[in-house]
Amino acid sequence: MMCISVLPLKSIHLALIRRTLLLLSTMVCFPTLSSFLLTRYPGPYNFLRAISDQFTAAGAKATFFFNGNNFDCIYNANRVADVQYAYAAGHMVASHTWSHADLTTLTSAQLVDSMYRSEEFLSRIVGVRPAFMRPPFGSYNQEVQTVSADRGQSLALWDYDTGDADGNTPAQSKAIYDSVINNNAINALILEHETLGTTANTLVPYAINLFKSKGYKLVTLAECLGVDAYQAVGIPQQRTVSLPLPATSLLSILTSQ
Numbered sequence: 001m002m003c004i005s006v007l008p009l010k011s012i013h014l015a016l017i018r019r020t021l022l023l024l025s026t027m028v029c030f031p032t033l034s035s036f037l038l039t040r041y042p043g044p045y046n047f048l049r050a051i052s053d054q055f056t057a058a059g060a061k062a063t064f065f066f067n068g069n070n071f072d073c074i075y076n077a078n079r080v081a082d083v084q085y086a087y088a089a090g091h092m093v094a095s096h097t098w099s100h101a102d103l104t105t106l107t108s109a110q111l112v113d114s115m116y117r118s119e120e121f122l123s124r125i126v127g128v129r130p131a132f133m134r135p136p137f138g139s140y141n142q143e144v145q146t147v148s149a150d151r152g153q154s155l156a157l158w159d160y161d162t163g164d165a166d167g168n169t170p171a172q173s174k175a176i177y178d179s180v181i182n183n184n185a186i187n188a189l190i191l192e193h194e195t196l197g198t199t200a201n202t203l204v205p206y207a208i209n210l211f212k213s214k215g216y217k218l219v220t221l222a223e224c225l226g227v228d229a230y231q232a233v234g235i236p237q238q239r240t241v242s243l244p245l246p247a248t249s250l251l252s253i254l255t256s257q
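Under full-length UniProt numbering, the first residue of the sequence shown carries the number 1, and numbering increases by one thereafter.
Listed below in structure tokens is the structure:
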């Protein structure tokens, strides 16, 4: 997802959510702010390291929104290593919830559980509590906003969709990037998917080269906006084979003591 802005995005989108409604996949801010951000989801998957390496080689940073259990389980040993790899490279990680369910179809308890599980795994894997969450399908309602805000998270949406997950050719997706430049957009949030080979191998290098050639600096979402990426930063835990309890079960245990 990409965002281009001459203003802090929270000033533009604040009415949509209590905290800040931001972006997902590639974010670009105008050169006057010296910041340009690309973010990817809904991994982690096979192309995470390749994307991470491309940004690192370009002296850039990306933001990754992770599912807990979608294309693969985030707690599988290889995915744990991939997430740690990207985080160690200085990229930002954020939540895309647990299973990519439409959050507007869930009960309050299910919402909390979906967010909790994703947060818990990021805490275990890299030691952080995310401050940003991208709702699957961009679908949210007042209840989603309320639960997200109560958990200290901002929602991340988009203005432009490259269509990479919907069958667009690379040329069609590249045209989306070009239109952002050609239209001199003040703000643009552009949707992309980390899980696709064409995105990793074709769109990512194209976007990096395009926006760097226009004088943009590639940074994380948090750096572009001047806010904290995480609610807390601690120490990762050693991986075990156990999964965290559902938030509702955990609450029952705590209240029974």
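Every residue, glycine too, gets a C-beta built ideally from N, C-alpha and C.
Proximity below 8 Å, CB of residue i to CB of residue j
| i | j | result |
| --- | --- | --- |
| Tyr160 | Ile190 | yes |
| residue 282 | Thr56 | Since the first residue shown for the chain is 1 and the last is 257, residue 282 is missing from the structure and cannot be characterised. |
| Phe65 | Ala94 | yes |
| Gln84 | Ile125 | yes |
| Gly127 | Val204 | no |
| Leu218 | Ala58 | yes |
| Ile181 | Leu210 | yes |
| Glu143 | Ser179 | no |
| Ser99 | Ser123 | no |
| Lys174 | Tyr206 | yes |
| Thr146 | Pro170 | no |
Local conformation of residue i per DSSP, three classes
| i | result |
| --- | --- |
| Ala62 | strand |
| Tyr230 | strand |
| Pro136 | helix |
| Val219 | coil |
| Ile190 | strand |
| Arg40 | At Arg40 the pLDDT is 47, less than 50, meaning the model places this residue with poor confidence; the figure from the coordinates comes in the next sentence. Looking at Arg40 - three-state DSSP - the assignment turns out to be strand. |
| Phe113 | The sequence given here has Asp at residue 113, not Phe. Asp113: helix per DSSP, three-state reduction. |
| Pro205 | helix |
| Ala88 | helix |
| Leu157 | strand |
| residue 258 | Only positions 1 to 257 of the chain appear in the structure, and residue 258 is not among them; the question remains open. |
| Pro236 | coil |
| Ser95 | strand |
| Thr26 | No answer about Thr26 holds up, because its pLDDT of 41 lies below 50 and its placement is not dependable. |
Cβ-Cβ separation, residue j to residue i (assumed contact under 8 Å), whole Å
| i | j | result |
| --- | --- | --- |
| Ala131 | Tyr230 | 6 Å |
| Thr220 | Asp164 | No, Thr220 and Asp164 are not in contact; Cβ-Cβ is about 21 Å, not under 8 Å. |
| Glu119 | Arg129 | 6 Å |
| Leu87 | Phe121 | It is Tyr, not Leu, that sits at residue 87 in the sequence shown. The Cβ separation is near 13 Å, so there is no contact. |
| Phe137 | Asp166 | Not quite, the Cβ-Cβ distance comes to about 12 Å (not below 8 Å), so this is no contact. |
| Ala200 | Ile51 | 5 Å |
Proximity to residue i [Cα-Cα], best of the options
| i | options | result |
| --- | --- | --- |
| Asn141 | Trp158, Ser179 and Thr104 | Thr104 |
| His91 | Leu106, Ser114 and Ala62 | Ala62 |
| Gly68 | Thr97, Arg49, Ala60 and Asp166 | Thr97 |
| Tyr116 | Leu106, Gly226 and Arg151 | Arg151 |
| Gly224 | Arg49, Ala60, Gln54 and Asp53 | It is Cys, not Gly, that sits at residue 224 in the sequence shown. Comparing Cα-Cα distances from Cys224 to each of Arg49, Ala60, Gln54 and Asp53, the minimum goes to Ala60. |
| Trp158 | Asn168, Ser139 and Gln172 | Ser139 |
| Arg79 | Gln54, Gln110 and Arg49 | Arg49 |
| Lys212 | Tyr177, Gln237, Gly226 and Val227 | Tyr177 |
| Glu192 | Leu106, Ala156 and Leu111 | Ala156 |
| Asn184 | Lys214, Asp53, Val112 and Gly226 | Lys214 |
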